[in-house]
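Undergrad: Take a look at this one; I'll ask things after.
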Amino acid sequence: MARTTDKRAAGRDAGPQTLDELKARVAHALPAAFEQAQTSAATHQKNWAALHKLHAQAADIHDTTPKKRDAAYGGTLVFEQWFIDMVERVVSVKKGAGGGVAERLIKFISGYVKFVNEKATEDGSADEEDTFAFRFVTHLMNHLLVGFVAKDKIVRYRCVQIVAESVAFLGAIDEKLYRSLRAGFLARTEDKEVPVRVQTVVALGKMQASDDPDDREEKIEDVLLDILQHDPSGDVRRTALLSAPLLPRTLPTLLTRIRDSDATVRRTLLSNILTKLKAANLTPEQLARVVSCGLRDRDENVKGAARALVAGWIPAARKDEPVKNEEIDALLDFVQLFDIASSAESLQSALECIFDVRRDILDKLEFAEEYWLEMTPEKAVLARVFVEYCTKNKDEARMERALPVVTALAFRVQDAVNGLEDDGEKSGEEEFVAGEMLRMAALLDYADEIGRRKMFALVRDMLSQESLPDALVAPCLDVLRVLSASERDLIRVVVEIVHEVRDPQDEAEADEVEAAMGLADDDDEGEDGEGPSEKAPKPPKEQKKLEDMEPEERERMVALDLRSLALCIGMLERVNGSFEENSTLEGILADLIIPSVKRKETILRERGLVSLGLCCLIAKRMALNSFQLFLGQIQTAPEPLKIRVLQIAFDIMMVHEAEFLGPRAVVGEGKMVDFLLHTLENTESDEVQSVLCVGLSKLMLSGMITDERVLKALVLAYLSPQTADNQSLRQCLAYFLPVYCFSSSKNQRRMAEIAVPMFTVMHQVRADLDDDGIMVSQAQVGELLLEWTNPENQIDIPGVKHDETVHLDLAVEIAQALYDEEMEIANKKILCQMMSKVFIPNEIDDDKLRTLVVLLSNIQLRRPIHDTTAKNALDRFEKSLRKKFADKLEGVSEEDYRKLEHLSKLFEFLDAMPEVEEDEPPAPKKRGASRANKSTTPKPNAKTPARKRRKSGDSDDDSDNDVGSRATASRTASPTPTPAREKHSRSAAPKKSLAVDPESDEDEEASDDDDDQDEEDDEEADDDDRSPGSSTSRPSSKSATAVAASDDEDDSDDDDDGQSARSALTDDEDGATPVAVSKNQKAPSAKRKERATARTPSNRASKKPRNRSPAQNPKTPKRKEALKRVRSEAAEAQSPPRKRLKEVTNGRSKRGASRAVQSDASSEDES
């Protein structure tokens, strides 16, 4: 049968010599190896060696069967088929089943692929295509590729997983196989299962090193970056992040994941990707972004990874040359990597993180004398952050040990300020250094009197200089506030400086004044060293009017006024006392602030209004007198000034609440709210809208405003599509609305009271939009309202009891809204779904429970909901409510509820609406008829030609005879759309009618009874004679009178439609009823004809096919007399009326008959 031909077999151990022996050996060895591999990974290496030995022996056995294809590979084929059979048993195992059995077997399979290729490499045959290793890998991969498109998601996952584990060990493979693998993995990137996409990304990451795409193919690297940015699964994005190459061209895309929505992805970037880089590999912008986003992340794990990353960058940032103070130099090298001017906050966060994590560096920090000799921005920032860190942690001992004395620092600050006089290229750096030194000086301990006096004199002199940059005014005032003994001294010194700035004296005049006053340089300060405590400020000299000044003088005067106003603003921002306690401010108010408000220059007027607003914060009387001025500026000022004035107005209202928002408000109670809402509604500026929403949110959150209109306006602003691009407004309200609702039960109840009205308003907003894609859906609006009003979300406050009945009251509001007849069915469906999600506590008020139960039980009687999903949701909620409170509701009927006085208004509300019987559900469709119905059934309200034929072809005396037409029409009407059902319910309302004669009324009643019998017969005929694929016209529930009158109506319609309807009529020679037959409709069967004949009165008038010509006028007196005679005969021969069906559809028949009688009466009057 088979023989060995390889000479190498002689040197091996005794193995299978024939193909049958090989089959027996493989059948035993492979299952045994796989059985051992699934229990423990420790046996993998031993089994790989055993299988490889058997595999090599199988390669020496050939199949000698005549004309056998691939006879030379008979042994290897046996081994490969058994191996693939074992693999097929693995691919159907679910993920996680058996404690990781499948995972161990997949490791075993991929490990054997690696083992085979390594052995081939050792033998020197790795590049040959005719080795058993090459054939084995090719056969296995081609077989697994078939599973890539399997219908079973488990099979797809396992096949992709096995190939992904093995793809790095395939060795030399055929180009065709590589293209197949590449195409298969690229197709699996769109798989709907997340685990499949994860394994696909793993495999693509391993294949990208050997990727060689064609010109029309996309690179694997680009595919991975696209998945990294756009895949909806966080697991897939994390895997793509680990698989993507870390290169300069891919780094910007990788860094975008620092703001990923998944915390795991963000942590992976910080702990696995960026740790491979040095801080110097990032640009200053990238470095600042990583530090800012990482250290401020909301997830503690992400924040911890960022702290470890930043702390680990310090050794990598150090230089190689030896330095004296290694710690400081390492920190300075790190600081130089940042753009200090634009990313000062990120740099400060990074340095504070280093101080926290690297305590060894913090302990060795010492700023010696030589550190301050030549200050740079990096040195200034490092020193200032160190001082702030020690102050924040109350570590004065460390700060005192690391810094020089205050007097020495004062001289260093003076050197930095003196450097501002140079107008060279480094003026910006000198200004930054001076600012950092001043911020550090505000945090020092001034127990040293000499240092305190030196710093006070230095800062006061700086503020008196016209050349002082505006950016340094605030730091100087901070130092001055620390050096002043009280707020009164601070105000007095600043007022003096303002007078000096606006009324400068010559140096000679100043010396004469000082000599006359007998003051020396060292005696300028009072006892505490904070300045002359007894000397009052000198009033300024009388100045020329602006109109009398030259342009240069006017420009200089404007600059001085701006500086003076900047000093006033900075001073007033640092004052907490009242205006009356500081009489020094009255002079500066009258001489500087009030005139600036009246100036035409916008910037002067803006600073003047800001100064006046700050004065109003500490002076209630001034606020009452000046508030109208601010309101006027809101309406007329340009946008930048309007924003500042709005901020001032909100600050004044928050400080003086009772005078502007209470019952004693100077502008009238509620008028202030009206003004603000009017401004919010009519403004088009995003910034103004944002300021208004921020201010109103503060007033609402503090409880100063409780008006529901404001809450409605804020909810509308948050959900309106017009504010979709206003991110500052959306961010503010996204924080405010949950906090406002969850912080207080009263606030949550206020939100519940406006929930249903806001739901309706948002529907109106959506209806007014041309494209509602930019707006949240009504279902999302409902979810937000439910979340905000859920009592379970309230914050636990000690000593405060939560109101758990908020959702119960909301359920009552929703139930009442369902009685609104004008509400669309889609909105009612959402409200019903909201009702099923409300939180009902275990203990509730009996009156509220009864109210809700009565409303729910009457909805289907008075305002039925024609939607199965909504109706089922409402029924489930009512059943759960009755089950939960069965002890309170058992044995109580609606009559008992009517006797309760507190429910009288509720029943008055319900009794005002008549009861409406709910439609029966449509009859189930039989198979085969759906396609015909879908394609041929006309719309419910459309007046189609088929319907006209039905009108023209009915008998004039009895509609019962039209059995075939009714039976087919019943099949068509079974899937009745919702709008038709709504139309039925409206027919129950009273209708206006024309004056008719008694004969017409009798005919109408008779026709109504006929219609009832017709509908019963229709149901019987529909079950017996329905044929699949038939298509009919829409049924018309007209009575005999209605059909007779419809003849007149049809004749007055378009001639084409009437002619088409008349041409479809057929004639029954035996007196059978003419039937309207549509194009695809079958003729009535013999059985249906017999049934129709049995019900037809014997004295029925026959009717021939009508082929009217234009000369025939249906409105002639003879025609009218014939119609009246036919109706009279039909009424006499009609059987006694049967009991009407209790369905709303009969209302439609009655309405149609009424219209027909009215039309007939009108026609008679005309004739």
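As numbered in the numbering used here, residues 1481 to 2647 make up the sequence shown, in order.
The C-beta atom is built at its ideal place from N, Cα and C for all residues, glycine as well.
As the structure is a computational prediction, the values presented were derived from the model and not from experiment.
By the three-class DSSP mapping on this structure, what secondary structure does I1541 have?
TA: Stepping through the sequence shown from its first residue, residue 1541 is reached at position 61. Three-state DSSP puts I1541 in a strand.
Undergrad: Across the segment 1666 to 1681 and the segment 1647 to 1654, are there enough close Cβ pairs to call them in contact, namely three or more that are closer than 8 Å?
TA: No, the segment 1666 to 1681 does not touch the segment 1647 to 1654.
Undergrad: Of the choices R1638, R1696, P1712, whose alpha-carbon is the least far from that of E1670?
TA: Stepping through the sequence shown from its first residue, residue 1670 is reached at position 190. Ranking the options by Cα distance to E1670, first place goes to P1712.
Undergrad: If you run the structure through DSSP and keep just helix, strand and coil, what is P2075?
TA: To locate residue 2075, count along the sequence shown from 1; it is residue 595. If DSSP states are grouped into helix, strand and coil, P2075 belongs with the helices.
Undergrad: Would the segment 1640 to 1647 count as touching the segment 1584 to 1593 if we require 3 or more Cβ pairs under 8 Å?
TA: The segment 1640 to 1647 vs the segment 1584 to 1593: in contact.
Undergrad: Output the distance between the C-alpha atoms of L1499 and V1506, rounded to the nearest integer angstrom.
TA: By 1-based counting over the sequence shown, the position of residue 1499 is 19. By 1-based counting over the sequence shown, the position of residue 1506 is 26. Spanning the two alpha carbons is a distance of roughly 10 Å.
Undergrad: Pick from A2353, V1593, K2080, F1612: whose alpha carbon is nearest that of K2309?
TA: Locating residue 2309 in the sequence shown gives position 829, counting from the first residue. The candidate whose alpha carbon is nearest that of K2309 is A2353.
Undergrad: Would you report the Cα separation of S2629 and H1710, rounded to the nearest angstrom?
TA: The residue you call residue 2629 lines up with position 1149 of the sequence shown. The residue you call residue 1710 lines up with position 230 of the sequence shown. Per-residue confidence for S2629 stands at a pLDDT of 39, beneath the threshold of 50, marking its modelled position as unreliable; no derived number is given.
Undergrad: Please tell me whether C1639 has its Cβ less than 8 Å away from any Cβ of chain B.
TA: Structure shown: chain B not included; a single protein chain is present.
Undergrad: Is the beta carbon of L1970 closer than 8 Å to that of C1956?
TA: Reading the sequence shown from its first residue, position 476 is the one you call residue 1956. Reading the sequence shown from its first residue, position 490 is the one you call residue 1970. Contact flag unset, no.
Undergrad: Touch check for the segment 1803 to 1813 and the segment 1770 to 1783: three-plus C-beta pairs under 8 Å?
TA: The answer is no - the segment 1770 to 1783 does not touch the segment 1803 to 1813, with fewer than three Cβ pairs under 8 Å.
Undergrad: In the structure shown, what three-state DSSP assignment does H2282 receive?
TA: Taking the first residue of the sequence shown as 1, we reach residue 2282 at position 802. Correct three-state label for H2282: coil.
Undergrad: Can you tell me which of the three DSSP states M2314 falls into?
TA: Working through the sequence shown from its first residue, we reach residue 2314 at position 834. Reduced to three states, the DSSP call for M2314 is helix.
Undergrad: What three-state label does DSSP hand D2391 in the structure shown?
TA: The residue given as residue 2391 occupies position 911 in the sequence shown. Note: D2391 maps to helix in three-state DSSP.
Undergrad: State yes or no: is the C-beta of V1886 within less than 8 Å of the C-beta of A1830?
TA: Within the sequence shown, the letter at position 406 stands for residue 1886. Within the sequence shown, the letter at position 350 stands for residue 1830. The answer is no: Cβ separation not under 8 Å.
Undergrad: Could you tell me the distance, in whole angstroms, from the CA atom of R1662 to the CA atom of A2291?
TA: Translated into the one-based positions of the sequence shown, residue 1662 becomes position 182. Translated into the one-based positions of the sequence shown, residue 2291 becomes position 811. For R1662 and A2291, the distance between alpha carbons rounds to 57 Å.
Undergrad: Distance check for W1793 and A1759, CA to CA, integer angstroms please.
TA: What you label residue 1759 is simply residue 279 of the sequence shown in a count that begins at 1. What you label residue 1793 is simply residue 313 of the sequence shown in a count that begins at 1. The alpha-carbon atoms of A1759 and W1793 are separated by roughly 6 Å.
Undergrad: Apart from the five residues just before and just after I1564, which ones in its own chain have a Cβ nearer than 8 Å to its Cβ?
TA: Against the sequence shown, residue 1564 aligns to sequence position 84. Hits under 8 Å: H1619, L1620, H1623.
Undergrad: Taking contact to mean 3 or more Cβ pairs, one atom from each stretch, closer than 8 Å, check whether the segment 1893 to 1902 and the segment 1871 to 1879 are in contact.
TA: Flag = no, the segment 1893 to 1902 and the segment 1871 to 1879 do not touch.
Undergrad: Would you give the residue range spanned by the alpha helix (DSSP H) that E2272 belongs to?
TA: Taking the first residue of the sequence shown as 1, we reach residue 2272 at position 792. Segment: none, E2272 is in no alpha helix (DSSP H) and carries neither H nor E.
Undergrad: Grab me the residues of K1633's own chain with a C-beta within less than 6 Å of its C-beta, minus the 5 sequence neighbours each way, in chain order.
TA: Translated into the one-based positions of the sequence shown, residue 1633 becomes position 153. Within the same chain, K1633 has close Cβ partners E1673.
Undergrad: To the nearest angstrom, how far is the alpha carbon of E2302 from that of L2157?
TA: The residue given as residue 2302 occupies position 822 in the sequence shown. The residue given as residue 2157 occupies position 677 in the sequence shown. Whole-angstrom Cα-Cα distance: 29 Å.
Undergrad: Might you give, ordered along the chain, the residues of its own chain that have their beta carbon closer than 7 Å to the beta carbon of C1833, omitting 5 neighbours on each side?
TA: Sequence index remark: in the sequence shown, residue 1833 carries index 353 (1-based). Result list for C1833: L1775, R1787, V1790, A1791, in chain order.
Undergrad: Using the Cα positions of D1660 and V1626, report the straight-line distance between them to the nearest angstrom.
TA: As a first step, residue 1660 must be located in the sequence shown, where it is residue number 180. As a first step, residue 1626 must be located in the sequence shown, where it is residue number 146. Position check: residue 1660 holds Ser in this sequence, whereas Asp was assumed. Using only the alpha carbons, I get a separation of about 11 Å.
Undergrad: When the distance is taken between beta carbons, is L2199 closer than 8 Å to V2657?
TA: Because the chain in this structure spans residues 1481 to 2647, residue 2657 falls outside the shown range and cannot be described.
Undergrad: Could you give the DSSP three-state label for L1499: helix, strand or coil?
TA: Start at 1 with the first residue of the sequence shown, and residue 1499 comes out as number 19. The answer is helix: DSSP assigns L1499 an H, G or I state.
Undergrad: Here's the rule: buried if 16 or more other CB atoms are within 10 angstroms of the residue's CB, otherwise exposed. What is S1822?
TA: Looking up residue 1822 in the sequence shown gives position 342. Exposed, by the Cβ-count rule.
Undergrad: Which runs of the alpha helix (DSSP H) at least 4 residues long sit entirely within the segment 1716 to 1781? Give them in chain order.
TA: Counting only runs of 4 or more, we get 1731 to 1735, 1743 to 1748, 1764 to 1775.
Undergrad: Pair every Cβ in the segment 2096 to 2107 with every Cβ in the segment 2123 to 2135, then say whether three or more of these pairs are closer than 8 Å.
TA: Touching, yes, given that three or more Cβ pairs across the two stretches are closer than 8 Å.
Undergrad: Is F1818 closer than 8 Å to L1767 when the C-beta atoms are compared?
TA: Counting from one through the sequence shown, the residue named residue 1767 turns up at place 287. Counting from one through the sequence shown, the residue named residue 1818 turns up at place 338. Cβ distance < 8 Å, so L1767 and F1818 count as in contact.
Undergrad: Hey, V1708 and A1720: beta-carbon distance below 8 Å or not?
TA: By one-based count along the sequence shown, residue 1708 stands at place 228. By one-based count along the sequence shown, residue 1720 stands at place 240. A quick correction: the sequence has Leu, not Val, at residue 1708. Yes, the Cβ-Cβ distance between L1708 and A1720 is below 8 Å.
Undergrad: Look at the Cβ atom of L2335, then the Cβ atom of F2365, and state whether they are nearer than 8 Å.
TA: For the purposes of this step, residue 2335 is taken as residue 855 along the sequence shown, with counting starting at 1. For the purposes of this step, residue 2365 is taken as residue 885 along the sequence shown, with counting starting at 1. Taking 8 Å as the Cβ cut-off, L2335 and F2365 do not qualify as a contacting pair.
Undergrad: By Cβ distance below 6 Å, which residues in the same chain neighbour F2130 in space, the five residues on each side in sequence not counted?
TA: Your numbering for residue 2130 matches position 650 in the sequence shown. Result list for F2130: G2175, in chain order.
Undergrad: Going by CA-CA distance only, name the one from Q2211, L1889, A2046, K2317 that's closest to I1977.
TA: Here residue 1977 refers to the residue found at position 497 of the sequence shown. Here the closest residue by C-alpha is A2046.
Undergrad: Is the segment 2204 to 2220 touching the segment 2239 to 2253 in the sense that three or more CB pairs, one from each, lie closer than 8 Å?
TA: At 8 Å Cβ cutoff, the stretches do not touch.
Undergrad: Run through DSSP, which three-state label would M2152 get?
TA: Here the question's residue 2152 lines up with position 672 in the sequence shown. The answer is helix: DSSP assigns M2152 an H, G or I state.
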